[in-house]
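Going letter by letter, the sequence shown gives residues 24 to 298 in my numbering. Data first, discussion second: the structure below is written as structure tokens.
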Amino acid sequence: MFNWLKRKSQAKPGNGRYKHGNDHLIELRQVVKTYEGAAGKFIALQNVDLNVNPGEFVAVIGKSGSGKSTLINMITGIDRPTSGSVLVGDTAVHTLSEGQIAVWRGKNVGVVFQFFQLLPTLTVIENVMLPMDFCDMWSMAEREERAMHLLELVDMTEHAFKLPTAVSGGQQQRVAIARALANDPPIIVADEPTGNLDSVTADAIFSLFAELVAGGKTILMVTHDMDLAKRASRTVVLVDGEIYKGRRTKSGLQAVLDEQKQQGAANLSLEGGHV
Ligand SMILES: Nc1ncnc2c1ncn2[C@@H]1O[C@H](COP(=O)(O)OP(=O)(O)OP(=O)(O)O)[C@@H](O)[C@H]1O
Ligand SMILES: [Mg+2]
């Protein structure tokens, strides 16, 4: 079913390393992000080192304000680190100009934003076709057919010609997921992709992601849903802008998890160290 989605091999270059000496598809090295505000300097990310291999499905969890969106915005190039480096494949993302980042992202990273960010004046199908128009990787004839296929994957074909305001929040989220797949990017970065979905639809989206990973894609997914996080291949926990490196025991993570539980995560289990 997903063969048509596949475009290229995720294999590393012949010497086993990417162009900037990175061994991993995604490598964040000592990434710091600070914001200057009225109240002074705020450190949103502190010395973050993160490695992700091709084909991994990484869940990013942490309480609200812990830096999850900031972290994934570094990887997509939507935001820049104050210091440190962000290497994705052969690209040093932190060194690119705004224009270069937009072109690079369009081809390499599908982004599902926390608040959808569909263009309100375009129909659902036009929103899905927009990244294809921008990157010009598919013929005009292919674009609409491809967009319809993608809408089918997220069960939205019957709404294809409506404006985003005419569909529900959960449906907009599904359109945003279809749009993220438009150019068949090797990497998908999703910020709370199931946050607005009922549990059945959330489960279907998670299964779609799992199939995409099985087909060779690499996915980072921010989630508050501990049940979904536990089904990813790895979980990264953020605490106050730092990657939690302590023991993954009940006591070590209790504060993080208690907060998440309050935010709606059900049936929390710390068994097996996979949190
Ligand atoms: N543009 C900005 N200017 C100032 N501070 C910011 C900015 N963006 C984020 N922050 C701060 O950085 C911290 C991390 O924010 P971030 O959005 O990454 O959190 P999050 O873990 O994604 O939270 P949530 O679960 O609520 O989405 C927060 O304290 C936030 O207030
Ligand atoms: Mg966020």
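Cβ coordinates follow ideal geometry from the N, Cα and C atoms, glycine included. Keep in mind it's a predicted model, so treat the numbers as computed, not measured.
Original post:
Is DSSP giving T246 helix, strand or coil here?
Top reply: coil
**OP:** List in chain order: all unbroken alpha helix (DSSP H) runs of 4+ residues lying wholly within the segment 85-153.
**Re:** 91-99, 121-131
Original post:
From A183 to L153, what distance separates their C-alpha atoms?
Top reply: 14 Å
**OP:** Classify T217 as helix, strand or coil using the three-state DSSP reduction.
**Re:** coil
Subject >> Nearest neighbour of K130, chosen from D156, M244, A237 [CA to CA] >> reply: If you compare the alpha carbons of D156, M244, A237 with that of K130, the shortest gap goes to D156.
**OP:** Assign K42 to buried or exposed, taking buried as 16 or more other Cβ atoms, counted over all protein chains shown, within 10 Å of its Cβ.
**Re:** exposed
**OP:** Closer than 5 Å is what we want: which residues have a beta carbon that near any heavy atom of ligand 1? List them in chain order.
**Re:** Y58, A67, S87, G88, S89, G90, K91, S92, T93
Subject >> Cutoff 6 Å; reference V135; Cβ partners in own chain excluding five residues on either side >> reply: A199, I200, A203, A213, P216
Subject >> Burial state of F229, where buried means 16 or more other Cβ atoms lie within 10 Å >> reply: buried
Subject >> Assigned exposure category for R30 - 16 Cβ within 10 Å defines buried >> reply: With a pLDDT of 46 at R30, under the threshold of 50, the modelled position of this residue cannot be trusted, and the question is left open.
Subject >> Closer than 7 Å: Q123 CB and nearest ligand 2 heavy atom >> reply: Result no, Cβ not under 7 Å from ligand 2.
Original post:
Near R40, what residues of its chain come up, given a Cβ to Cβ distance below 8 Å and the 5 sequence neighbours on each side ignored?
Top reply: Non-local C-beta neighbours of R40 in its own chain, meaning closer than 8 Å and more than five positions away in sequence, comprise D46, ordered along the chain.
Original post:
So, are the CB atoms of K56 and T93 less than 8 Å apart?
Top reply: yes
Subject >> Rounded C-alpha distance that separates G275 from V71 >> reply: Note that G275 scores 48 on pLDDT, short of 50, meaning its location in the model is unreliable and no value can be drawn from it.
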